Structures are given as C-alpha cells and as structure tokens.
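*Asks:* Questions regarding the structure given below will be posed in turn.
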Amino acid sequence: MITRRRAFLQENIIIAASEAQSHRDARVPSTWQQQLTHAIRDPQILCERLGLSRDWLAVARIGHDLFDVCVPEAYLTRIAHADINDPLLRQVMPLGDEALTPQGYVVDPLEEADHRPAKGLIHKYAGRVLLIASPNCAINCRYCFRRHFPYSDNSPSRAQWQEALDYLRSDTTLHEAILSGGDPLAANDRQLAWLVEQLESIAHLKRLRIHTRLPVVIPDRVDDALLGWLTSTRLQTVVVLHINHANEIDQAVVDACARLKRAGATLLNQSVLLRGINDDVATLAALSERLFEAAILPYYLHVLDPVQGAAHFDVPDDEARDLVAALRDHLPGFLMPRLVREIPGKGSKTPL
Ligand SMILES: *Cc1c(COP(=O)(O)O)cnc(C)c1O
Ligand code: SF4
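Under the UniProt record's numbering, the first residue of the sequence shown is numbered 1, with each subsequent residue one higher.
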C-alpha cells in the first residue's frame with residue numbers, strides 16, 4: 001500500500017511541477033487541487049516549518065514509513081509554532097509509537113472486507129449503503145482506521161460502478177447513499193456529478209450523505225463546481241464533517257460551511273475521542289460551541305477503532321463515559337454528540 005501511495009504521490013508531483021510552472025506568472029489563487037498537490041508530504045519539511053527539533057524528526061520518520069505524512073498548507077496555518085502538544089499537530093504528526101503492536105490492535109478493525117456486495121460498496125446497515133467514492137484523502141490522520149485499507153481494490157472506475165449501481169437499483173429498501181472514502185471530495189467534480197446523477201435516477205433513494213474532512217482541511221474545496229452538483233440534485237443532502245478540535249474551525253472553514261448550507265445541505269460533525277487531543281470536558285465543550293457557530297451540529301463522538309499504529313490515542317470506555325456525562329452539565333442537549341463504538345457485525349453504531 002505504501003508503494004502504491006508513493007506512486008500516486010510521484011504522479012502528483014509531476015502534475016504539480018507543470019501546474020506550478022503554468023500558474024507562476026498568472027498569479028491566480030491556488031485551486032484546491034493545487035493546494036492538495038503542494039501538501040507537505042515530508043516529515044523534515046513538517047518539522048522545519050513548525051520549528052520542531054531534530055529529535056522529533058527522528059521519531060517522525062518512523063511513523064512516516066508506516067503511513068505517509070500529508071498536511072496541506074491551509075491546515076498547517078492553524079497549528080501553533082514549536083508546540084509538539086498542539087492538538088492539530090498531534091493529529092497529523094507521525095510518531096515512533098505507531099510502530100507498537102499491542103494485542104487487539106489490528107489491520108481491519110471493522111472487518112469491512114466481509115460486507116462488500118460490489119466493488120466500492122459497503123452494505124452493513126439497513127436502508128443505507130456506503131460508496132467508496134475516492135481512495136484518497138487530503139490529510140493523513142494518524143489515528144485513522146483506514147490507514148491499512150486496501151484501496152487499490154476499492155476505487156472503481158465509471159464502468160465498474162455499474163455493479164454497485166445495479167445493487168442499489170435492485171434493493172428498494174435503500175433510501176440513502178453515503179459517499180465515503182478515503183475522502184469522497186478528493187474525487188473531481190465531473191466524476192462526482194456523474195455519480196450523483198446516477199444515484200438520483202434511482203427512485204427509492206431519498207438522501208445523499210457525504211462523509212468528508214476536505215472542507216475542513218482545504219476550505220477552498222467548497223468551490224462553484226462542487227456547489228453546482230450539490231445544489232441541483234433532487235436528493236436531500238447531508239454533509240457529515242470530521243472535526244476533532246475547535247482550533248480546526250477558522251474563518252475559512254466557517255465560510256465554507258456557510259456555502260454548503262446555502263446549497264441546502266444539513267451539516268453534521270463526527271469526532272474521534274483522542275488521547276492528548278480532545279480528551280477533556282473543556283475541549284469537548286469548546287468544540288461543540290464552535291461547531292454551532294459554523295452552523296454544524298455534533299453527531300457522533302467515536303471511541304477509537306482498535307487499528308494497529310494508533311493505540312497511543314486510545315481513551316478507555318469508562319473514562320469516555322465519564323467525560324460525556326460531565327459534558328452534559330455544560331451543554332444544551334442539541335450540542336451533545338452521541339458517544340459510540342463501531343462493533344463488527346452489529347446493525348448500527350453501538351451507543352456506549
Ligand atoms: C457508520 C456507517 C454508516 C452510517 O451509519 P449512521 O449511523 O447512519 O451514521 C453506514 N454504513 C457503514 C458501513 C458505516 O460504517
Ligand atoms: S480524512 Fe478521514 S479517512 Fe482520511 S485519513 Fe483522515 S480520518 Fe482517515
């Protein structure tokens with residue numbers, strides 16, 4: 001997988017070089033694609049840019065060899081300088097701890113390999129299916145349960161989507177299609193517009209849900225091309241963002257959310273409870289408050305999936321329950337996320 005990622009990367013660097021050339025003189029503002037292409041993908045540059053010592057570079061290299069660094073500039077600007085404990089840095093900074101292999105932490109913690117009726121499609125829950133619309137992400141989150149995901153087997157081409165679309169057409173109990181990934185918004189808008197057109201032609205589908213971190217990582221992703229297909233679909237649209245800390249929501253993110261909202265989308269957020277990042281009441285309360293300022297409602301607070309390489313982020317269930325109970329004393333009910341775990345084989349997320 002790492003080799004494949006590298007190949008993808010090299011391709012991008014070549015595109016980047018030619019794009020940089022053609023845009024240098026024009027002085028046009030960077031598109032989201034250019035920002036993605038120029039994301040920091042080298043632990044040394046990450047450490048230098050943030051003023052971290054060479055000792056940190058040595059451990060960063062260990063984590064990077066297991067799962068590549070990827071941090072776009074727009075996200076980097078929200079990270080404090082020379083602070084290894086910055087809650088945004090901790091989400092993207094590779095560490096030596098990722099090489100630990102404690103018992104119970106596995107490569108496919110959700111056993112998704114067992115629920116694929118067609119290429120690019122995961123059907124676990126009644127009434128809704130998940131489509132892997134893009135294998136790529138705009139950022140590599142160190143705790144991600146997909147860090148070992150065999151994406152090359154699950155990023156279908158247009159022709160290969162037919163099998164998934166046939167499955168959706170034939171099952172009239174389905175009412176919602178969820179675009180996921182990777183990050184579905186890492187796909188280009190031509191492809192996404194085509195896919196949404198196919199989906200809306202299926203009469204029993206009512207809702208289109210998009211699980212994405214891109215509007216947070218690169219707010220310019222919410223551009224006219226995206227808003228075009230999002231606004232024009234007959235399907236009701238829900239965008240589930242992924243934000244773990246209030247500091248992730250700067251003005252550009254607030255503006256991007258306002259554009260999504262104007263396009264008719266309902267905005268929800270899912271977070272992961274992460275040791276050293278958001279595992280205290282004040283931080284979680286501030287996150288909910290800030291989400292609402294951006295017109296987003298908290299949806300899920302996930303406990304960590306036991307994926308190999310992420311054990312150092314784990315918060316035990318009892319502590320998670322206590323935290324959420326204490327949070328209830330600080331927030332109105334509508335700003336309370338639901339604390340859940342994903343248990344393989346269950347028909348929904350499991351409340352804790
Ligand atoms: C999480 C998930 C969903 C969505 O679950 P909701 O509870 O509706 O948010 C759907 N399909 C799969 C495979 C999932 O993992
Ligand atoms: S954006 Fe989502 S899928 Fe991609 S690395 Fe981060 S958590 Fe994982």
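Beta carbons: idealized from backbone N, C-alpha and C, even for Gly.
Keep in mind it's a predicted model, so treat the numbers as computed, not measured.
1) Between which two residues does the beta strand (DSSP E) containing Y167 stretch?
2) Leaving out five residues before and five after Q160 in sequence, what residues of the same chain have Cβ atoms less than 6 Å from its Cβ?
3) Buried or exposed for F67, going by 16 or more other Cβ atoms inside 10 Å?
4) In whole angstroms, give me the CA-to-CA distance for residue 363 and V303.
5) Is the number of C-beta pairs between the region 230–248 and the region 284–299 that are closer than 8 Å three or more?
6) Leaving out five residues before and five after I13 in sequence, what residues of the same chain have Cβ atoms less than 8 Å from its Cβ?
7) Can you give me the start and stop residues for the alpha helix (DSSP H) that E293 sits inside?
8) What first and last residue would you give for the alpha helix (DSSP H) that runs through V196?
9) According to DSSP, which residues form a beta bridge with E176?
10) To which residues of the same chain is K206 closer than 8 Å at the C-beta, ignoring the five residues directly before and after it?
11) Let me confirm a value: F313 is counted as buried when at least 16 other C-beta atoms fall within 10 Å, else exposed. Which label applies?
12) Any idea which residues DSSP pairs P298 with across the strands?
13) Compute every distance between the C-beta of C257 and the non-hydrogen atoms of ligand 2, then say whether any falls below 6 Å.
14) CA-CA distance, D65 and A58?
15) From P306 to V216, what distance separates their C-alpha atoms?
16) Beta-carbon separation of D189 and L226 under 7 Å?
17) Is the number of C-beta pairs between the region 272–284 and the region 89–96 that are closer than 8 Å three or more?
18) Beta carbon of R146: closer than 6 Å to some heavy atom of ligand 1?
19) Using the C-alpha atoms, what's the distance from N278 back to L291?
20) Taking only heavy atoms of ligand 1 into account, decide whether any of them is closer than 6 Å to the Cβ of K346.
21) Compare the C-alpha of A80 against each of V324, C70, E48, A294 and name the closest.
22) Given this structure, state the Cα-to-Cα distance separating E98 from A311, to the nearest angstrom.
*Replies:* On the basis of the supplied data:
1) It is not in any beta strand (DSSP E) - Y167 instead sits in the alpha helix (DSSP H) that spans 158–170.
2) K119
3) buried
4) In this structure the chain extends from 1 to 352, so residue 363 is not present and cannot be described.
5) yes
6) Low local confidence applies: a pLDDT of 45 at I13 is under 50, so the model's placement there is unreliable, with the coordinate-based value given in what follows. T37.
7) 281–293
8) 189–200
9) R128, R207
10) Excluding sequence positions up to five before and after K206, its CB lies within less than 8 Å of the CB of H175, E176, L235, Q236, all in the same chain and listed in chain order.
11) The Cβ neighbour count for F313, taken over all protein chains shown within 10 Å, is at least 16; the residue is labelled buried.
12) For P298, the pairing in a beta bridge is given by DSSP as N269.
13) no
14) 11 Å
15) 25 Å
16) L226 is positioned such that its CB atom lies closer than 7 Å to that of D189.
17) A contact between stretches requires three or more CB pairs, one per stretch, nearer than 8 Å, and the region 272–284 meets this requirement with the region 89–96.
18) no
19) For L291 and N278, the distance between alpha carbons rounds to 14 Å.
20) no
21) E48
22) 8 Å
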